[in-house]
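Peer 1:
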Amino acid sequence: MLFRHKKECTHTKVTPEKDACYCPDCGKYIENKWYLTRCSCCNIKRKSIIKFGQIMPETKYCPNCGAENYYTERIKSINFIDINFAVLVKEINEERSKNRTQSWLDRENEPIKLIGIKMSFN
Ligand SMILES: [Zn+2]
Ligand SMILES: [Zn+2]
């Protein structure tokens, strides 16, 4: 209960096997994106975490060269090696989420339009 706000959907039903899909709990279009951090100095992969809404290395300093600086890299297709380093970010695609809302509204309006059509039987 400490970590989960009731209002904020964590999209738990959006599983990482798919690249993207609509969250069945909140209806937003969710894109699964993998990121990992690399050392800016020696370029090795750093084990990554999400802290304060930011992607960062788990440890402050690079275990290989001791540098503090890092950069974030997007991984297009995750493999079983990278999965140990990477973090999964569930990003809301607002554009697709909006489109869905739009088409849903259109569909809802349809029966009203049909009722408006004048029928003549005589
Ligand atoms: Zn959701
Ligand atoms: Zn390094």
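Numbers -18 to 103, taken from our numbering, label the letters of the sequence shown in order. The beta carbon of each residue, even a glycine, is placed where N, CA and C say it ideally should be.
#1: Alpha carbon to alpha carbon, how far is Lys(-6) from Asn74?
#2: Report the rounded CA-to-CA distance for Lys26 versus Tyr51, giving the unit in angstroms.
#3: By a C-beta neighbour count over all protein chains shown, 10 Å radius and 16 as the cutoff for buried, is Gly97 buried or exposed?
#4: Is the separation between the beta-carbon of His(-8) and that of Lys71 shorter than 8 Å?
#5: Should Cys(-10) be listed as close to ligand 1, given that the test is whether its C-beta is under 7 Å from any heavy atom?
Peer 2: Once the coordinates are examined:
#1: 16 Å
#2: 9 Å
#3: Model confidence at Gly97 stands at a pLDDT of 46, short of 50, so the residue's coordinates are unreliable; what they give is reported in the following sentence. The residue is exposed, with fewer than 16 neighbouring Cβ atoms inside 10 Å.
#4: yes
#5: yes
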